[in-house]
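If you read the protein sequences in the order shown, they are chains A and B. The opening residue of the first sequence carries number 11 in our numbering; numbering runs sequentially from there. The opening residue of the second sequence carries number 6 in our numbering; numbering runs sequentially from there. Just so you know, even glycine gets a beta-carbon here, dropped at the ideal spot from N, CA and C.
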Amino acid sequence: MIEYFHSVRLISERCKGCVSCIKRCPTEAIRIRGGKAKITESRCIDCGECIRYCPNRAKTAVTDSLADIKRYPHNVALPAPSLYSQFEAQVTVDAILCGLLSLGFDEVFDVAVGAEVVTTAIRELLQHKQVKRPLISSACPAVVRLIQVKFPELIDHLVPFEAPVEIAARMVREEYARRTGRPQDELGVWFITPCPAKLTAIRQPLGDLPSNISGAISIADIFGELRRVILQKPAAVAKCRRASWAGMGWAVAGGETEAAGVLNTLVVHEIHSISNVLEQVAMGKLKDIDYVEALACAGGCIGGPLMVENRFVAEHRMRNRLAVGKRLQPQPELPLAPEDLVQRGTLEPRPIMRLDEDISKALYKVEQMERTLERLPGLDCGSCGSPTCKALAEDIVQGQASEMDCIFKLRERVHELAKEMMGLAEKLPPSLDKKEKKGAIRDGKSKRVAGTSGRRGGSDDSGGGA
Amino acid sequence: MEQPALAMEFHLTAGDFNGAGDASGKIKRTLQQVGVKAEVIRRIAISAYEAEMNVIIHSLGGDIRAKVYPDRTEIEVKDSGPGIADVDQAMQEGYSTAPDHIREMGFGAGMGLPNMSRCADRFSIESKVGEGTTLRIIINH
Ligand code: SF4
Ligand code: SF4
């Protein structure tokens, strides 16, 4: 088994074993076992849904901290475009970028510049008739992982380019090498991230190429400090590479395709809706659509799990910034995309559905699962610790749960046992049984034990007169 | 005869667009659990879906049966009328007898049968006007 790195983790002490997260997880990666949530690593796509929905704040994202940048002599911050949505309109992009410098970074490079590069690459790719339609955006790593685990047949529909942040990181590294000639290991490149999925994609790249990013720092973690330094010296202006509205627009759902000027597109956000749409793509139903822009978070990255602002407020602010940008520069010049800059490694499928490596055993298990499922109540209550009755049936055939984990099955069983005990309790040993016997053997009055169910457990009783 | 390791059967009601895709979806998920290759599943799912839609759109109702063997999946779709008058014509791309209200819903583009035969390793169709149509699709794993 491959070990997966995950940014999304559980703080065990906080977990109360409620079923909020197991119900929301799009890949059914979570079970409650021993009163605590457990994430099955191979299934988790780090979408962060469980972080959002945990009422006890027991799910977190492990990210790097500002202190980590001390490991490198020279550090560059790569702010996600969605960062700008966290500030009011009067806080300029320059002020935000400079704020990052005050936090200890030596340079800042706008990730949206990477988005501009991918934008032109996508625009060109769509000129080719033979490209699989619909092409699916690969900008959101949670969506790419979802495709790897649940829709592996759609891997070749994915945009074959790296995500903007990786491209930005490559640009930064190339520039650094050109400018200083110093070794790359002296350079720390830090993504300021709206989500855990991006961090996971750095530590464990989606494809087979290593990442050029040193680490990722959560927007939520640095927001307070950043805000403080920005408000302290609002006038400072630095020379930072800034992108146009086209690159910045990638932060909101629909922004990517708007920048690329692709008309025949389907914009879908929120991970569960994405599953539904991908289902249709897999069925060959959406061939007449050119592009599917898919973002795991509702609203796009501005709704990321590591954001601070309410997503609607953030969206409002972002759209205002974009509107201003468009007014000033309706058609921005976008940088071209050299082949080697945008290339991404090959993506391997990571199917999670199969029940067994051996096809015959898997067939047997499917059958067992169906039978088990028929016996379960079908309420999908989650009390057993599995998200649905179907998932419990799967856990049972995989030997990871038992039918008695279902409280209804347990009740049934207790009921049977109680009846059995009643039957036993009514029986008296022959020495105490003072009633006159008609025959040598006990009569048929003693009750039948073990209720009506066909699956009576425990030892039978001899008293069944029949 | 060889026993299939797994058999699924679904009834399809004519005109029931609410339930459209349920049977093929279920077949698809089951094959994923069995661990059949993604590309193969895709072909099976698309054929099953097209067949399912055909029954819902054109027929008076029918049944879809999927038999899964370790090395292949067989899909059999039987409906009860009205049957196809000219099978060769129906097999041509873009040919459709779907009425306007179905086409307005975006179905009945005349791609169903050609799509199915393209996805299948073996494909057969038998039809009698007034009686019904039987499709057999075999896809090797
Ligand atoms: S991050 Fe997403 S996929 Fe992973 S356990 Fe949480 S909800 Fe499930
Ligand atoms: S939509 Fe954006 S913030 Fe949300 S998971 Fe995807 S990349 Fe991360």
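Checklist line | C-alpha distance - Leu-111/A paired with Leu-219/A, whole-angstrom precision | finding: 30 Å
Margin query: Checking 8 Å against the spacing of the C-beta atoms, do Gly-257/A and Ala-77/A come in under that value?
Written below: no
Notebook entry, point to check: Since Gly-234/A contacts Val-175/A with CB under 8 Å, what's their CB separation in whole angstroms?
Noted result: Incorrect: roughly 23 Å between the Cβ atoms, too far for contact.
Next item on the list: Please list the residues of the region 62-89 of chain A that have a C-beta atom closer than 7 Å to any C-beta atom in chain B, keeping them in chain order.
Entry: none
Next item on the list: Determine, using beta carbons only, whether Met-11/A comes closer than 8 Å to chain B.
Entry: Model confidence at Met-11/A stands at a pLDDT of 42, short of 50, so the residue's coordinates are unreliable and nothing is read from them.
Notebook entry, point to check: What residues are listed by DSSP as bridge partners for Pro-89/A?
Noted result: Ile-202/A
Check: Would you report the Cα separation of Glu-98/A and Ala-324/A, rounded to the nearest angstrom?
Finding: 9 Å
Notebook entry, point to check: If you follow the alpha helix (DSSP H) that Met-379/A is part of, which residue opens it and which one closes it?
Noted result: 369-385
Note to self: Output needed in chain order: residues of the region 155-174 of chain A with a Cβ under 9 Å from some Cβ in chain B.
What the structure shows: Lys-160, Phe-161, Pro-162, Glu-163, Leu-164 and Ile-165
Next item on the list: Report the rounded CA-to-CA distance for Gly-461/A versus Gly-24/B, giving the unit in angstroms.
Entry: For Gly-461/A, the predicted model reports a pLDDT of 44, less than 50, meaning its position is unreliable; a value from the coordinates is still stated below. Looking at the two C-alpha atoms, the distance is approximately 39 Å.
Note to self: Give me the residue from Tyr-14/A, Gly-310/A and Ile-406/A with the minimum Cα distance to Val-159/A.
What the structure shows: Tyr-14/A
Check: Does the beta-carbon distance from Pro-170/A to Ala-43/B come in below 8 Å?
Finding: no
Checklist line | Contact set for Gly-88/B: own chain, Cβ-Cβ below 8 Å, skip 5 residues either direction | finding: Ser-132, Lys-133, Val-134, Gly-135, Glu-136, Gly-137 and Thr-138
Checklist line | The alpha helix (DSSP H) enclosing His-16/B, as first and last residue numbers | finding: Element bounds for His-16/B: not the alpha helix (DSSP H) but the beta strand (DSSP E), 11-17.
Item checked: Simplified DSSP assignment, three categories, for Ile-406/A -> helix
Next item on the list: Please confirm if Ile-51/B has its CB atom under 8 Å from at least one CB of chain D.
Entry: Looking at the structure shown, chain D is missing, and the protein chains on hand are A and B.
Check: In chain order, what residues have a CB nearer than 5 Å to some heavy atom of ligand 2?
Finding: Cys-150/A, Ala-152/A, Pro-204/A, Cys-205/A, Ala-207/A, Leu-305/A, Ala-306/A, Cys-307/A, Cys-311/A and Gly-314/A
Note to self: Output needed in chain order: residues of the region 366-390 of chain A with a Cβ under 9 Å from some Cβ in chain B.
What the structure shows: Asp-366, Glu-367, Asp-368, Ile-369, Ser-370, Ala-372, Leu-373, Tyr-374, Lys-375, Val-376, Glu-377, Met-379 and Glu-380
Check: Between Ala-131/A and the rest of its own chain, which residues show a CB-CB distance below 6 Å, the 5 nearest in sequence each way excluded?
Finding: Phe-171, Ala-347 and Val-352
Notebook entry, point to check: Under the three-state reduction of DSSP, which class applies to Lys-336/A: helix, strand or coil?
Noted result: helix
Next item on the list: Show which residues of chain B have a CB atom less than 7 Å away from the CB atom of Met-293/A.
Entry: Ala-50, Ile-51 and Tyr-54
Check: Nearest to Lys-208/A by alpha carbon, out of Gly-314/A, Ala-292/A and Lys-142/A?
Finding: Gly-314/A
Check: Which residues, taken in chain order from the region 141-155 of chain A, show a beta carbon closer than 7 Å to some beta carbon of chain B?
Finding: none
Note to self: If we define contact as Cβ-Cβ less than 8 Å, is Glu-44/B a contact residue for chain A?
What the structure shows: yes
Checklist line | Residue burial classification, Pro-387/A (beta-carbon count within 10 angstroms, cutoff 16) | finding: exposed
Notebook entry, point to check: Rounded to a whole number of angstroms, what is the C-alpha to C-alpha distance between Met-121/B and Val-41/B?
Noted result: 19 Å
Checklist line | chain B residues whose Cβ lies nearer than 9 Å to that of Arg-364/A | finding: Gln-37, Gln-38, Val-39, Gly-40 and Val-41
Notebook entry, point to check: Is it the case that the CB of Arg-331/A approaches a heavy atom of ligand 1 more closely than 7 Å?
Noted result: no
Checklist line | Ala-39/A: CB within 7 Å of a non-hydrogen atom of ligand 3 | finding: Ligands in the displayed structure: ligand 1 and ligand 2; ligand 3 is not one of them.
Check: Can you tell me the Cα-Cα spacing of Arg-465/A and Gln-410/A, whole angstroms?
Finding: Residue placement at Arg-465/A cannot be trusted, given a pLDDT of 45 that sits under 50; the coordinates are not used to answer.
Next item on the list: Counting only the same chain and skipping the five closest in sequence on each side, list residues whose C-beta sits under 7 Å from that of Arg-62/A.
Entry: Pro-315
Next item on the list: Could you check the C-alpha separation between Arg-67/A and Cys-25/A for me, to the nearest Å?
Entry: 8 Å
Notebook entry, point to check: Which one of Asn-330/A, Leu-420/A and Ile-281/A has the shortest CA to CA distance from Ile-55/A?
Noted result: Ile-281/A
Check: Should Pro-397/A be listed as close to ligand 1, given that the test is whether its C-beta is under 7 Å from any heavy atom?
Finding: no
Check: Using the beta-carbon of each residue, which ones in chain A are nearer than 8 Å to Pro-75/B?
Finding: Ile-369, Ser-370 and Leu-373
Checklist line | Buried or exposed (CB count within 10 angstroms, at least 16 for buried), Gly-20/B | finding: exposed
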